[in-house]
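A quick write-up on the structure given underneath.
There are 2 protein chains.
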Amino acid sequence: MITPILLGGGSGTRLWPVSRRSYPKQFAPLFEGLSLFQATAHRFDAPGFAAPVVVTAEPFRFVAQMQLQACDIPPAALVVEPAPRNTAAAALAGALILAPETLPKGAAPITWAAPGQATIWEAPVQDVTMQDVTRQDAALQNMGAGFAEAPVGRFPFLPPGTAPSANGCGADPLLLLTPCDHAIPDPEGFRAAVLRAVPAARAGRIVTFGIRPDGPETGYGWLDLGDPRGGTGLRDLRGFVEKPSAEHAARMLEAGNSLWNAGVFLARLSTLRAAFRTHAPRVAATVEAAMADARPDMAFLRPDAAAWDHVPDISIDHAVMEKAGNLSVAPYDDAWSDLGSWEAIWQEMPQDNAGNALQGAATAIDCSDTLLRSEAEGIRVVGIGLEDMIAVAMPDAVLVAPRARSQEVGRAVTALRAHGARQADAFPRDHRPWGWFETLALGDRFQVKRLHVAPGAALSLQSHVHRAEHWVVVQGTARVTLDDDIRLLGENQSIYIPLGARHRLENPGLIPMILIEVQTGSYLQEDDITRYEDIYARS
Amino acid sequence: MITPILLGGGSGTRLWPVSRRSYPKQFAPLFEGLSLFQATAHRFDAPGFAAPVVVTAEPFRFVAQMQLQACDIPPAALVVEPAPRNTAAAALAGALILAPETLPKGAAPITWAAPGQATIWEAPVQDVTMQDVTRQDAALQNMGAGFAEAPVGRFPFLPPGTAPSANGCGADPLLLLTPCDHAIPDPEGFRAAVLRAVPAARAGRIVTFGIRPDGPETGYGWLDLGDPRGGTGLRDLRGFVEKPSAEHAARMLEAGNSLWNAGVFLARLSTLRAAFRTHAPRVAATVEAAMADARPDMAFLRPDAAAWDHVPDISIDHAVMEKAGNLSVAPYDDAWSDLGSWEAIWQEMPQDNAGNALQGAATAIDCSDTLLRSEAEGIRVVGIGLEDMIAVAMPDAVLVAPRARSQEVGRAVTALRAHGARQADAFPRDHRPWGWFETLALGDRFQVKRLHVAPGAALSLQSHVHRAEHWVVVQGTARVTLDDDIRLLGENQSIYIPLGARHRLENPGLIPMILIEVQTGSYLQEDDITRYEDIYARS
C-alpha cells in the first residue's frame, strides 16, 4: 500500500485570472470536468494506494475538503499549513502523519480507515476546551433529523461510530509525494510506473519520475541520468539541472540522457525522514516540532503555528533531493504537463485545424494558434485576426497577451496588487466552509449576493450592526433561525432579517440550496459580523 | 434660427460589443461623460439654433428621449422611423416636420416653443381613440401629487399649460442635417463654421462641411473642391469621391484640393425639398406621404408605416447630394472623427507615452499603441506585451483584435448572429420606456434582475402565468399596485407578487428607484407578460 501525499497548498499566479491566491490553479476547472486537484486524487484512488494525506493552505482548506467530498475520496488527513513554507515543509508535514510518534501530544494513536474510508482524529478529552465542546454541541444540534449521518466539518464521509481500522501500510509505509496541479492524461499508465518503482523504494531509494522531454524547455528542472539499476528500468540520478540555458537544454535534448523532473517522489517514510534529517536538519527539526504539537480542528490537523514560524521556506528539491545520494529515476514516457502557463494550457487543450483552442463561449474569426477562454456562462469572447495570442475572460477580469509572453502573467498580478485591485488575489466566488457566495450587484447602500449552501452545511449564528438582509430561496430548502424562531423556507419563499437580529442559515436538505440575499445599509463589508456559534470553529 | 435635424436612427456594428442593434454607438458612453447623441444635441443647443428635431428608430426612441431629458434639451419633435430606410428618408422626414402642409391630417398646426422649450403635438380630438384616452388617463392617474408637472411620455420637459410660441424660424427655415455619432471636440468652432455658411444656404445653396484630411483615408467620402464662392470662404463642390482607392486618396491628399465629407448639410427647407423632388422623386413622394399620415404617439411622431414600406433604402449622398448641382463646401479645419471603428476611437482617446489608450479599469503592461477598455465597473482588463491591439470588455462580451483589423468587427456580429448568440444584438442592459433592467443571475428556475426606474415612470399593469416575483427596493421609493391594493415601499422594504396577480410598479419619487427582482418559476422569458394598461402604449 502506497499513501499519496497530495501537496495542494500552492497558489501560483501564472494562470491568472483563473488561478488566484484565494482559489489557485489546482482547484480551478481548467478543463471540462474535474479540477487538477480532484484529478490527482482520482489518479491514486486505486488498488495498491491508501487514502491520501492532503497538505493544503488555510484559505482553501474547505475547498480541498469539498472537492474531495464531491468526488467521494475521503482523505486520511487534511493538514493545514499555518503559513506557506514551500514544498520541503509541506512534504515532510504530510509524511509525518504516518509516523505515530509525531502525533499530537496526548492524542489517541492515529488509526487508519480501510482504503476508501477516512480516519477520524481523536483529540483526548483533557485537550478539549469548553469552547470546543460548545462548538461540537452546536454542530451536532444543528444537524437535525436525517442529518445525524453527516456531521458537517468532521469528515462528513465517515458515519459516526464507524470503527477506524488499520490501513495495512505497516510501520514504515511507502509515500508518494505529488504536486496537485499537473496534467497526466493517462492515470493508469502513471500508476503502473509508480508500482514498478516500488521495489527500489522498498530498498531505500528515493524514486523520482522523469518525463521524456519533447523540447529544449528552459523553465523546467531536468534530471541527468546515471547508470541503469538492475533490470528495473530505473536509472540512478547523476544530478539535477534546474532551469538550464537554452543551449544547455538543447544539448541535453540531443544527448537523450536527461528527463524532465515531474516533482513526484516515491520513498519509504524512514528513507524520507533520514534524508530530511541529514540534508535539511532545520526543516526536519522545525516541522517535526510543529507536527508534534499539531492540533486537530474539526476535519483538519493544524501543525503548531509557533513552531511552524521557524520552518525554512525552501523547496524539497533544493533542501533534500539535490543533496541526497540515493535517488533513482523512473522514466515515464507518456504525456505530462506542469500546466505552468497559458501556453501549456493551450498545448493541452483540443485544437482546431488552425491551432486555436477554445473553451466556453468563444468565437475565433480568422485566428490561428490562439487560446480563447470564456470562464463564465454569460461571457462571449470573440477574437478577430489573432495569431499566437491568449485571451481569458472571467466576470471580473480579462487577460490578453501574446502566447510567447505567457510566462509574464505574474507581472499582471504584481501590477494589480500595486493598484490595490481586488482581482489580483480575490476570486469572484468566495469559498466558505458551507459553500460559496458571489456578489451580483453592489450599490452605494445595497449589495445583492448569490449564496450556494452545501447539503448539511450551516452558516454561523450571527448578527450585523449595519445591515438588514432579505433572503429569497430559489433552490432547495433553507432552515432559518431568526432570534427565537426557527422555520423552513422552500423555493420561492423569503424572509427578512432585520438589522441586529441573531440569525442563522442552514441547508437541511440533500441538494444544494441557493439563496438570493439583498443587503441594505450604509456599511456592507464582510467584517460587519458578530458570530455567536459556528460549526466550523470561526466564532 | 437654424433647426438641427439629428439623424439618430443608425445602428452600426463596427463598435461591437459597445454598439449593438438594440443600443447603438450614438447612445453609448464611448468617452467619459455624454453619449455622442447627447454631445450632438449639446453642440447645437446655443444661440442661433432652435430646438432640435430628432429622427430615430423604434428600439431606441425612449433612450433618445431620456438622454435628451438627462441633458435638459427638449426636442421640437421625436420622429420614429417605422423601419430603417437609411439617411435619405430620415433626413427628409425630419425636414418635413418644419413644413406645415405635411402635418398629420387634421392635427393642429405645429407651433414652436421658444428656443430651449419644447413643442407639444396636439392630436385633434376626433383622432383620439378610446384606447388613447384610457392610456392618457392611466398616465395622468399614475402621476400622483407633486408629479402633475411631469407627465411621463409627453415631453415631460414642458410644463402643461405653457403656451407654445413661434420659434422665429419663419416659413422656409434653415435646416442643419447632422449625424449623431461623430466626434467634434470643438463645438463652438463648428457652430461658427455653420453660422458662416448661413448666407450661402439662404441664397439657395446646400452647404456641406468638409474636413481637412490628415491622411489618405480610403473609408471616407471625399469632397473635390471647385471654385471659391465670393469672399465667404466656401468653395463650390466639383464632385463626391466615395471610398477612393489608396492611390487616389494619396493623390487627393497631396493635391490639397479635397476634403473629407462630414455628412453635415445646411440648407433651406425649400432648397432641400426641391432637391429631393428633382433627384430622388420616389423618396420624396413616399416620405411626404408617410409624413402626411403621421400619427402622434405620446411624445413621438410616427410616419405612416404602410406608406413608409415603399420608401427606398438609400443614403442622402447617393439619392440627392451626388446629383444636385447647388452644393457648396464649407471647410472645417479642426478635429473631427466619424468614430467608425475602434481604430478611430483609439485615435480620439487620450494616450499615454507608449500610445496606449485606456478606459475604465484597464492595465497595460509593456504594451504599445493599444486600446484597452473596460466597459463595466467590476471588470479589470489586463494586457501584457500587446502591440497595436484592441481589447474591449463588457459584462457579457469581450472583443480582441489587432487595431489593423478593426474594420472587420462587423464580422464578429455576423458570426454571432449565425450562432444565435444573444450578444450579437442584445445589450446587457435592456432599455425600456420606464428606465432599464439587467439580469444579474439566471438559473434553471430563477432569475435575478436589477430594475432602474426613472422618476415618474411606471411599468405596465401586468401579470405573469409562469412566475412569481419578489421585489426588494434598495434605492428610492416604489408605489406598488398588487391586485386591489396600492402601497408605497421605501428602501429596504419588500413585497411578494404571487403568480397570476395583477401588479404594477411605479416610481412616484424624484430620484431613480432601484429594485431587485427575484423571479422563480419554470419559464422566465420576457414574453410571459399580460399587459392590462401601459402609459407607454404597449398594452
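In order, the protein sequence lines correspond to chains A and B.
According to my numbering, the first sequence is numbered sequentially starting from 1.
According to my numbering, the second sequence is numbered sequentially starting from 540.
Where is the CB? At the ideal position from N, CA and C, for every residue including glycine.
If you're wondering where the values come from, they're calculated on a predicted model, not measured in any experiment.
query = To which residues does DSSP link residue 737 of chain B through a beta bridge?
reply = Counting from 1 along the second sequence, the entry for residue 737 of chain B is found at position 198. Its beta-bridge partners do not exist; DSSP assigns none.
query = Nearest-angstrom Cα distance between residue 1046 of chain B and residue 557 of chain B?
reply = Counting from one through the second sequence, the residue named residue 1046 of chain B turns up at place 507. Counting from one through the second sequence, the residue named residue 557 of chain B turns up at place 18. The alpha-carbon atoms of residue 1046 of chain B and residue 557 of chain B are separated by roughly 29 Å.
message = Can you give me the C-alpha to C-alpha distance between residue 824 of chain B and residue 747 of chain B, rounded to a whole angstrom?
response = To locate residue 824 of chain B, count along the second sequence from 1; it is residue 285. To locate residue 747 of chain B, count along the second sequence from 1; it is residue 208. Rounded to whole angstroms, residue 824 of chain B to residue 747 of chain B spans 24 Å at the Cα level.
key: DSSP-derived helix/strand/coil call for residue 933 of chain B   = Along the second sequence, one-based indexing puts residue 933 of chain B at 394. Coil.
Neighbour list for residue 437 of chain A in chain B, Cβ cutoff strictly below 7 Å = The residue you call residue 437 of chain A lines up with position 437 of the first sequence. By Cβ distance, chain B contributes nothing, its closest Cβ being about 12 Å from residue 437 of chain A, past 7 Å.
ask   = When the distance is taken between beta carbons, is residue 263 of chain A closer than 9 Å to residue 304 of chain A?
value = Here residue 304 of chain A refers to the residue found at position 304 of the first sequence. Here residue 263 of chain A refers to the residue found at position 263 of the first sequence. For residue 304 of chain A and residue 263 of chain A, no; Cβs fall outside 9 Å.
request  = Could you check the C-alpha separation between residue 330 of chain A and residue 408 of chain A for me, to the nearest Å?
outcome  = As a first step, residue 330 of chain A is located in the first sequence; it is residue number 330 there, counting from the start. As a first step, residue 408 of chain A is located in the first sequence; it is residue number 408 there, counting from the start. Cα to Cα, the separation comes out at about 32 Å.
inquiry  = For a contact defined as C-beta to C-beta under 9 Å, what are the partners of residue 880 of chain B on chain A?
reply    = To locate residue 880 of chain B, count along the second sequence from 1; it is residue 341. Correct list: empty, because the minimum Cβ distance to chain A is about 12 Å.
request  = Apply the 10 Å Cβ neighbour rule to residue 1084 of chain B and answer buried if 16 or more other Cβ atoms are within range, or exposed otherwise.
outcome  = Absent from the structure is residue 1084 of chain B, since the part of chain B shown begins at 540 and ends at 1078.
Proximity of residue 591 of chain B and residue 615 of chain B at Cβ, strictly below 9 Å = Taking the second sequence and counting its residues from 1, one reaches residue 591 of chain B at position 52. Taking the second sequence and counting its residues from 1, one reaches residue 615 of chain B at position 76. Yes, Cβ-Cβ distance for residue 591 of chain B and residue 615 of chain B is below 9 Å.
query = Tell me which same chain residues have a C-beta within less than 8 Å of the C-beta of residue 238 of chain A, skipping the five on either side of it?
reply = Within the first sequence, numbered from 1, the residue matching residue 238 of chain A stands at position 238. Correct list, in chain order: 224, 225 and 226.
ask   = What did DSSP end up calling residue 92 of chain A once you bin it into helix, strand or coil?
value = The residue you call residue 92 of chain A lines up with position 92 of the first sequence. In the structure shown, residue 92 of chain A sits in a helix (DSSP, three-state: H, G or I).
Interfacial residues, the region 464-476 of chain A to chain B, with Cβ spacing under 8 Å = 468, 470, 472, 474 and 475
ask   = Whose C-beta lies closer than 6 Å to the C-beta of residue 710 of chain B among residues of the same chain, with five residues either side of it excluded?
value = Along the second sequence, one-based indexing puts residue 710 of chain B at 171. Nothing listed; no residue qualifies.
task = Using a Cβ-Cβ cut-off of less than 7 Å, give me the residues of the region 488-508 of chain A that come near chain B, in sequence order.
result = 491, 492, 494 and 496
task = Pick helix, strand or coil for residue 763 of chain B, following the three-state DSSP scheme.
result = Here residue 763 of chain B corresponds to residue number 224 of the second sequence, with the count starting at 1. Residue 763 of chain B falls in the strand class under three-state DSSP.
task = Would you tell me roughly how many angstroms separate the C-alpha atoms of residue 191 of chain A and residue 43 of chain A, rounded to the nearest one?
result = On the first sequence, residue 191 of chain A is found 191 positions in, with the first residue counted as 1. On the first sequence, residue 43 of chain A is found 43 positions in, with the first residue counted as 1. Distance between the alpha carbons of residue 191 of chain A and residue 43 of chain A is about 7 Å.
ask   = What residues match up with residue 988 of chain B in a beta bridge as DSSP calls it?
value = Here residue 988 of chain B corresponds to residue number 449 of the second sequence, with the count starting at 1. Answer is B:978 and B:1056, bridged to residue 988 of chain B.
message = 9 Å is my cut-off, CB to CB: does residue 680 of chain B come that close to chain A?
response = As a first step, residue 680 of chain B is located in the second sequence; it is residue number 141 there, counting from the start. Note on residue 680 of chain B: pLDDT 32, under 50, position unreliable in the model; no value is reported.
ask   = Would residue 1050 of chain B be called buried (16 or more neighbouring beta carbons within 10 Å of its own) or exposed?
value = Here the question's residue 1050 of chain B lines up with position 511 in the second sequence. Classification for residue 1050 of chain B: exposed.
key: Every unbroken beta strand (DSSP E) inside the region 229-257 of chain A [3 residues or more]   = 234-242
query = Quick one: is residue 548 of chain B buried, meaning 16 or more other Cβ sit within 10 Å of its Cβ, or exposed?
reply = Counting from 1 along the second sequence, the entry for residue 548 of chain B is found at position 9. Looking at its Cβ environment, which holds 16 or more other Cβ atoms inside 10 Å, residue 548 of chain B is buried.
key: residue 128 of chain A classed as buried or exposed, judged by whether at least 16 other C-beta atoms fall within 10 angstroms   = Translated into positions along the first sequence, residue 128 of chain A becomes position 128. Below a pLDDT of 50, predicted positions are generally treated as unreliable, and residue 128 of chain A, at 29, falls in that range; no measurement from the model is reported.
message = I'd like to check one pair, residue 311 of chain A with residue 290 of chain A: are the Cβ atoms closer than 9 Å?
response = In the first sequence, the residue the question calls residue 290 of chain A occupies position 290. In the first sequence, the residue the question calls residue 311 of chain A occupies position 311. Result yes, Cβ atoms of residue 290 of chain A and residue 311 of chain A sit closer than 9 Å.
ask   = So who's on the other strand from residue 327 of chain A, going by DSSP bridges?
value = Here residue 327 of chain A refers to the residue found at position 327 of the first sequence. Beta-bridge pairing links residue 327 of chain A to A:206.
message = Just checking: is the beta-carbon of residue 911 of chain B within a distance shorter than 9 Å of some beta-carbon in chain A?
response = Numbered from 1 along the second sequence, position 372 holds the residue referred to as residue 911 of chain B. Yes, because at least one Cβ of chain A sits closer than 9 Å to the Cβ of residue 911 of chain B.
message = Please report the distance separating the alpha-carbon of residue 580 of chain B from that of residue 883 of chain B.
response = On the second sequence, residue 580 of chain B is found 41 positions in, with the first residue counted as 1. On the second sequence, residue 883 of chain B is found 344 positions in, with the first residue counted as 1. In a straight line, the C-alpha of residue 580 of chain B is about 21 Å away from that of residue 883 of chain B.
query = Going along the chain, which residues of the region 911-928 of chain B sit with their C-beta nearer than 9 Å to a C-beta in chain A?
reply = 911, 913, 916, 917, 918, 919, 920, 921, 922, 923, 924, 925, 926 and 928
task = Could you tell me how far apart the beta carbons of residue 370 of chain A and residue 387 of chain A are, in whole angstroms, since I believe they sit closer than 8 Å?
result = Your numbering for residue 370 of chain A matches position 370 in the first sequence. Your numbering for residue 387 of chain A matches position 387 in the first sequence. Rounded, the Cβ-Cβ distance is 7 Å, consistent with contact.
ask   = The alpha helix (DSSP H) spanning residue 827 of chain B covers which residue range?
value = As a position in the second sequence, residue 827 of chain B is number 288, starting the count at 1. First-last of the alpha helix (DSSP H) with residue 827 of chain B: 820-831.
request  = For residue 194 of chain A, count neighbouring C-beta atoms within 10 Å of its own C-beta (all shown protein chains included) and say buried if the count is 16 or more, exposed if not.
outcome  = Against the first sequence, residue 194 of chain A aligns to sequence position 194. Residue 194 of chain A should be labelled buried.
key: Candidates B:1017, B:1077 and B:826, of which the one nearest residue 632 of chain B by Cα   = Along the second sequence, one-based indexing puts residue 632 of chain B at 93. The residue with the shortest Cα to Cα distance from residue 632 of chain B is B:826.
request  = Rounded to whole angstroms, what's the CA-CA distance from residue 56 of chain A to residue 98 of chain A? Just pull it up for me.
outcome  = As a first step, residue 56 of chain A is located in the first sequence; it is residue number 56 there, counting from the start. As a first step, residue 98 of chain A is located in the first sequence; it is residue number 98 there, counting from the start. So the alpha carbons of these two residues sit roughly 17 Å apart.
query = Can you tell me the Cα-Cα spacing of residue 966 of chain B and residue 588 of chain B, whole angstroms?
reply = Your numbering for residue 966 of chain B matches position 427 in the second sequence. Your numbering for residue 588 of chain B matches position 49 in the second sequence. So the two alpha carbons sit approximately 34 Å from each other.
message = Can you list, in chain order, the residues of its chain with a C-beta nearer than 8 Å to that of residue 1071 of chain B? Leave out the 5 residues immediately preceding and following it.
response = Counting from one through the second sequence, the residue named residue 1071 of chain B turns up at place 532. Once the five neighbours on either side are set aside, the close Cβ partners of residue 1071 of chain B are 999, 1000, 1001, 1002, 1041 and 1078.
inquiry  = Restricting to Cα atoms, I'd like to know which of B:1055, B:1061 and B:812 is closest to residue 491 of chain A.
reply    = Position 491 of the first sequence holds residue 491 of chain A. Nearest of B:1055, B:1061 and B:812 to residue 491 of chain A, Cα basis: B:1061.
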